[in-house]
Amino acid sequence: MVVAADVCRVLGIVHAYKAVAPLPADEKNHHQMMGGGKLAAIISEPGLYRLIMRSDKPVARPFQD
1 MVVAADVCRV LGIVHAYKAV APLPADEKNH HQMMGGGKLA AIISEPGLYR LIMRSDKPVA
61 RPFQD
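Numbering follows the UniProt record's numbering, with no gaps: position 50 of the sequence shown is 50.
This is how it looks when you write it as structure tokens:
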């Protein structure tokens, strides 16, 4: 599992919540951050690959080939 915001930052996606929303329920979850802070969107490995494959950003291109 990886933090969606981290993946989106690398891919140049500004709004992680919009990128994660269309993922199937079994590929995403939310996790309470330490200290009772915000909820973080967490994605599974298949969700990670789905985000990369859907991306039109040049940084994602090497992973798509």
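For each residue, glycine too, the CB sits at the ideal point set by N, CA and C. No experiment lies behind these values; they were computed from the predicted model shown.
- For residue 18, the enclosing alpha helix (DSSP H) begins and ends at 16-20.
- Residue nearest to residue 23 within the set 65, 47, 58, 61 is 47 (criterion: CA-CA distance).
- Taken in chain order, the complete beta strand (DSSP E) segments of 3 or more residues contained in the region 19-48 are 28-32, 39-43.
- Counting C-beta pairs closer than 8 Å gives three or more between the region 47-60 and the region 7-17, which meets the contact rule.
- Within the DSSP bridge table, the entry for residue 10 names no partner.
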